[in-house]
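The structure appears below as structure tokens.
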Amino acid sequence: MATYKELEKYYDHLKESYESKESDSYYFNNDRSHNAMVMKFMFDYSSIINMYCGELSVLRESFYGYINEDKDEIKKNVICSLKKFLDKEDAKLCIIVENFSKKIFEDLICKEVFINKLKEGKIHLFKLDRDFSFKKEINHFCYSDTNIVRFEVDKNQHNAICVFHNKEYLNSMENNFGTLYNIAQKVN
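If you want the working numbering, it's the 1-based position in the sequence shown plus 20.
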């Protein structure tokens, strides 16, 4: 796992590439620490984020237990970016969870904020039916209104690709999310 200084450089590379508006910019992220930094980046540069995930892991304490170095610093920065994101007037975080359980709420890194924003309607939480047989084969992904996409190649290892300014890739994620959204059930 990378140190926080290395992750800051990774974040700076993301920022530089994103702001250059180059098309088809790809950044690989191969572990949970990089996953956290990409999510931090998305929170910092987006107003709307749609996410299909396994168990809301990047927002849970147990996720950070797998990060060896500087996990508290990484978590603190993700929380800060999430709070700023949710404080934006037009913020919306729509999440479809593959394996929903009430346990998700037990170890959220910012439980009070999450639940308040869920009640306010800034967070929308959905789950896939337990018996939906194809969900195990669908890789996790998220995308934003600012054309940032993160797609996991291996959802167990959190290996992913972060893509900027690629309309085809974004459209594909939007279509996939729309399909899942149509069969998902709202979590209250």
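Just so it is clear, CB atoms sit at the ideal spot from N, CA and C, and this is done for glycine as well.
In this text the structure is predicted, and so the values were computed from the model without any measurement.
- If you count every other CB in all the chains shown that lies within 10 Å of the CB of S153, and 16 or more means buried, which is it? Mapped onto the sequence shown, residue 153 falls at position 133. Under this definition S153 is an exposed residue.
- Taking all protein chains shown into account, decide if K60 is buried (16 or more other Cβ within 10 angstroms of its Cβ) or exposed. For this step, residue 60 is matched to residue 40 along the sequence shown. Buried, because 16 or more other Cβ atoms sit within 10 Å of the Cβ of K60.
- Query: Considering only C-alpha positions, which residue in the set G74, G141, S37 is nearest to E118?
  - Reply: As a working note, residue 118 is residue 98 in the sequence shown. When only C-alpha atoms are compared, the closest one is G74.
- Query: Can you tell me whether I203 is buried or exposed, with buried defined as 16 or more other CB within 10 angstroms of its CB?
  - Reply: Sequence index remark: in the sequence shown, residue 203 carries index 183 (1-based). With fewer than 16 Cβ atoms within 10 Å of its Cβ, I203 is classed as exposed.
- Spatially closest choice to T23 from E89, D32, S45, by CA coordinates: Here residue 23 refers to the residue found at position 3 of the sequence shown. When only C-alpha atoms are compared, the closest one is E89.
- For L76, does the three-state DSSP call read helix, strand or coil? Reading the sequence shown from its first residue, position 56 is the one you call residue 76. Here L76 sits in coil by DSSP.
- Task: From the DSSP output, in three-state form, read off L148 for me.
- Result: Along the sequence shown, one-based indexing puts residue 148 at 128. Coil, per DSSP.
- Straight-line Cα distance separating N55 from D64: Counting from one through the sequence shown, the residue named residue 64 turns up at place 44. Counting from one through the sequence shown, the residue named residue 55 turns up at place 35. Whole-angstrom Cα-Cα distance: 14 Å.
- Message: Cutting at 6 Å between CB atoms, please list the residues of its own chain near D44, excluding the five before and the five after it.
- Response: Position 24 of the sequence shown, counted from the start, is the residue given in the question as residue 44. The answer, listed in chain order, is N186.
- Query: Would a C-beta distance cut-off of 8 Å place I143 and R80 closer than the cut-off?
  - Reply: Counting from 1 along the sequence shown, the entry for residue 143 is found at position 123. Counting from 1 along the sequence shown, the entry for residue 80 is found at position 60. No, Cβ-Cβ distance for I143 and R80 is not below 8 Å.
- Quick one: Cα of C130 to Cα of S77, how far? Taking the first residue of the sequence shown as position 1, residue 130 is located at position 110. Taking the first residue of the sequence shown as position 1, residue 77 is located at position 57. Using only the alpha carbons, I get a separation of about 12 Å.
- Message: Counting C-beta neighbours from all protein chains within 10 Å, is the total for R150 16 or more, i.e. buried, or is it exposed?
- Response: Taking the sequence shown and counting its residues from 1, one reaches residue 150 at position 130. Exposed, by the Cβ-count rule.
- Comparing alpha-carbon positions, which option in Y86, K96, I115 lies nearest E194? As a working note, residue 194 is residue 174 in the sequence shown. If we check each option's Cα against that of E194, I115 comes out closest.
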